[in-house]
Amino acid sequence: MTRPRLRARAGVSEIPLAVMRRPARQLSAEDVPDQFLCPVSLDVMRDPVTAPTGITYDRESVEGWLERGRATCPVTGRPLRLEELVPNHATRRMIQEWCVVNRALGVERVPTPRVPVSAADACELFAEVTAAARRGDGLVCRQMVARARALGMESERNRRGFALAGAARALASAFSHLAAFYQAETRALEEILAALVVFFPLDEESRRRITFPAPLDAVVSMLSYGEHVTRVSAAVVLREIASSSDNQCLQAMSKASGIYDGLVNLVAKPVSSQATKASLVTAYYLVTNTELAAAHLVDLGTVELLVELLADADKGTTEKALAVLDSVLDTDKGRDRAYAHALAVPVLAKKTMHVSDMATEFAVSALWRLCKNSPADGRCKAEALQVGAFQKLLLLLQLGCEGITKERATELLKLLNGSRYSTECIETADFKGLKRSFP
């Protein structure tokens with residue numbers, strides 16, 4: 000049921016409702032009893048809870064307040080802990096009755112919230128998951144995990160409760176046990192993988208269990224050959240592990256058979272934007288933390304793939320693709336592939352100051368790597384000049400950049416300076432909207 004959005008604010012004469020039934024008039028702010036509005040969100044409360052201070056809030060709003068690091072009652076400023084909130088059933092019933100009375104004005108009845116999972120129930124459920132996995136009962140394990148995942152997705156409170164009960168660790172353990180029987184227990188493993196995504200983050204023990212040989216092989220197999228949903232889950236789990244920068248896990252991942260093919264295929268033949276971005280992040284951490292990754296990725300045509308991807312990628316994908324490209328261009332093989340691609344330098348120049356500060360940092364770094372190590376014929380530098388790289392770098396330094404980006408932009412300007420009078424080209428369209436004047 001859709002939540003009514005009723006806001007009581009000064010100057011607001013009418014309040015939009017989630018579902019309207021063509022009422023004779025719309026509900027106004029004055030029609031909503033003050034005691035039904037949450038002091039934090041100013042919305043009609045769906046799940047009222049009362050603090051020891053006597054103030055009643057909507058559970059979602061006050062829990063969000065406390066989770067953001069504010070350990071006080073929003074109204075009184077007194078200390079408040081999450082476990083001190085008590086459901087206010089009387090207020091909820093009054094709100095429901097008011098919704099029914101005002102149904103003709105388009106108000107839908109606030110549903111009765113489901114009872115949240117208790118800590119004891121959460122621990123018991125995952126104890127059953129662990130026990131079923133240890134005895135090799137994939138069917139029971141899958142059923143228990145599916146139940147936990149559904150409950151975790153039902154509310155943030157349930158998800159948090161399961162996480163505190165050790166959900167990620169129990170799921171990683173179950174996955175590790177059943178991975179030895181991958182062919183027979185594929186469905187159970189797919190369910191566990193999907194549940195792991197719900198109960199992030201993974202702690203060190205969970206990450207390392209997943210990167211044991213058998214479970215890691217299972218994840219990589221799902222990454223490459225699973226259904227679309229399973230491939231997304233596998234990509235996201237690998238990203239979670241890789242982004243922890245746990246060297247032991249990264250070393251294990253870098254040696255996993257088929258992992259590079261799986262990652263590259265998800266970029267070349269995307270099943271979702273989430274999977275593509277997750278694969279790029281994983282590739283980035285592998286390249287920057289292990290010696291094997293760059294060579295494998297270059298051999299799979301990653302340089303050419305990324306250059307072509309950058310032509311029309313969205314902001315998030317562009318940033319991640321540039322990060323990977325910059326990293327693989329730190330190798331001779333990577334640069335050789337880029338020198339041979341007609342669009343490599345133009346694309347990097349185009350993305351400089353076109354997407355975001357992060358994208359600019361990686362694009363400048365990649366251009367710097369190419370020009371600094373370019374062949375003696377000077378073709379790479381000449382090409383950079385022809386597509387307006389020199390002017391963009393001047394503009395970048397004029398507008399301001401810091402750290403390694405400033406150093407590399409300055410050095411790159413020096414590298415290009417010797418040839419700049421023979422080739423002048425600037426894309427004026429790239430600088431539209433800039434209001435800063437130049438001396």
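For what it's worth, numbering that gives the first Met the number 0 labels the leading residue of the sequence shown as 0, then goes sequentially. Cβ atoms here follow ideal geometry from the backbone N, Cα and C, with glycine treated the same way.
If you check the CB distance, Leu-394 and Cys-379 do not come in under 8 Å. Residue ranges of uninterrupted alpha helix (DSSP H) with 4 or more members, entirely inside the region 201 to 282 and ordered along the chain, are 203 to 209, 212 to 224, 227 to 241, 246 to 253, 258 to 267. In the DSSP annotation of this structure, the continuous segment of the beta strand (DSSP E) that includes Asp-57 starts and ends at 55 to 57. Separation of the CB atoms of Leu-347 and Ala-320 is rounded to 11 Å, and the pair is thereby denied contact status at 8 Å.
If the five residues before and after Leu-192 are omitted, its C-beta is found closer than 8 Å to the C-beta atoms of Phe-174, Val-218, Met-221, Thr-229, Ser-232, Ala-233, Val-236, all from its own chain and listed in chain order. Between Arg-159 and Pro-112, the gap from beta carbon to beta carbon reaches 8 Å or more. The region 107 to 140 contains, as complete alpha helix (DSSP H) runs of 4+ residues, the segments 118 to 133 (chain order). Inter-segment contact for the region 235 to 249 and the region 198 to 209 is present: three or more beta-carbon pairs are separated by less than 8 Å. In the DSSP assignment, Leu-36 forms a beta bridge with Val-43.
Remark: C-beta atoms of Ala-166 and Ala-147 approach each other more closely than 8 Å. Cα atoms of Ala-365 and Asp-260: separation of roughly 24 Å, rounded to the nearest angstrom. The region 87 to 101 and the region 30 to 44 touch, with three or more beta-carbon pairs separated by less than 8 Å.
Between the alpha carbons of Ala-274 and Leu-265 lies a distance of about 7 Å. Going by DSSP, Arg-156 is part of the alpha helix (DSSP H) stretching over 155 to 163.
Ala-375 places its beta carbon 8 Å or farther from that of Thr-330. The region 79 to 87 makes no contact with the region 99 to 108; the number of CB pairs closer than 8 Å stays below 3.
Excluding five sequence positions before and after Cys-400, the CB atoms of its chain that fall closer than 7 Å to its own CB belong to Ala-408, given in chain order.
Your pair Val-85 and Thr-49 checks out as a contact, with CB atoms roughly 5 Å apart and the cut at 8 Å. Under the rule that a run must span 4 or more residues, the alpha helix (DSSP H) segments found entirely inside the region 347 to 415 read 356 to 371, 378 to 385, 388 to 398.
The alpha carbon of Leu-163 has as its nearest neighbour, out of Val-128, Asp-356, Ser-117, Asp-136, the alpha carbon of Ser-117. Per DSSP, Val-74 lies in no alpha helix (DSSP H) segment and is marked neither H nor E.
Within the same chain, Phe-361, Ser-364, Ala-365 come within 6 Å of Asp-325 by CB-CB distance, once the 5 residues on both sides are set aside. Comparing C-alpha distances from Asp-216 to each of Ala-194, Tyr-181, Ser-244, Phe-199 shows the shortest one belongs to Tyr-181. It is roughly 28 Å from the alpha-carbon of Val-128 to the alpha-carbon of Glu-66. The distance from the Cβ of Thr-316 to that of Lys-276 is about 6 Å, consistent with a contact at the 8 Å cut-off. As DSSP reads the structure, Pro-86 sits in a beta bridge with Val-48.
Residue state for Asn-101 is assigned as coil, using DSSP reduced to three classes. With a contact defined as Cβ atoms closer than 8 Å, Val-306 and Ala-343 qualify at about 5 Å. Per DSSP, reduced to three states, the secondary structure at Leu-299 is coil, with no helix or strand assignment. Taking the Cα positions, Pro-115 is about 48 Å away from Val-327.
Under the three-state reduction of DSSP output, Asp-313 falls in the coil class, being neither helix nor strand.
Between Ala-131 and Cys-140, the C-beta spacing is below 8 Å.
Annotation for Val-31: no alpha helix (DSSP H) segment contains it, and DSSP assigns it neither H nor E. In its chain, beyond the 5 residues on either side, Ala-167, Glu-239 have a beta carbon closer than 8 Å to the beta carbon of Phe-199.
Excluding five sequence positions before and after Leu-308, the CB atoms of its chain that fall closer than 8 Å to its own CB belong to Val-266, Thr-316, Ala-320, given in chain order.
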